[in-house]
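Colleague:
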Amino acid sequence: MQPKATSAAPYGNGRPAESRVVLKEGGGKMASVKDLTIDDLEHLIEQKVLEMLGDPDSGLELREEFKKELVERLAKPSKRVSQQEVLNRFGQD
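By this note's numbering, the letter at position 26 of the sequence shown is numbered 34, and the numbering carries on one by one without gaps.
(1) Which term fits Asp65, buried or exposed, when burial requires 16 or more other beta carbons within 10 angstroms of its beta carbon?
(2) Please state whether DSSP places Gln100 in a helix, a strand or coil.
(3) Using the beta-carbon count (16 or more within 10 Å), is Asp48 buried or exposed?
(4) What's the C-alpha gap between Arg81 and Leu68?
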């Protein structure tokens with residue numbers, strides 16, 4: 009029995025998504041826990057938590073007032089402050 013691979017992007021471990029070992033739909037078993045990387049295990053846990061609890065933001069909508077404020081904020085150019093400028097202003101510890 010071959011493990012099912014996800015189509016999600018790799019989580020920084022450099023392994024392609026096709027090589028990820030995850031639970032099969034319907035509760036099938038994975039090949040072996042010893043074959044999982046830490047990233048694979050974290051991804052698997054996240055999948056199971058979301059499956060059990062669901063997405064807490066699902067079905068929520070942004071208020072019109074917030075959307076308007078967001079559009080206004082994004083229209084204004086942001087000022088970038090360099091690390092050196094922050095160190096000069098607040099000193100180094």
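Even for Gly, the Cβ is constructed at its ideal location relative to N, Cα and C.
Modeller: By the coordinates alone:
(1) Working through the sequence shown from its first residue, we reach residue 65 at position 57. Flag for Asp65 reads exposed.
(2) As a first step, residue 100 is located in the sequence shown; it is residue number 92 there, counting from the start. Coil.
(3) Locating residue 48 in the sequence shown gives position 40, counting from the first residue. Flag for Asp48 reads buried.
(4) For this step, residue 81 is matched to residue 73 along the sequence shown. For this step, residue 68 is matched to residue 60 along the sequence shown. Using only the alpha carbons, I get a separation of about 22 Å.
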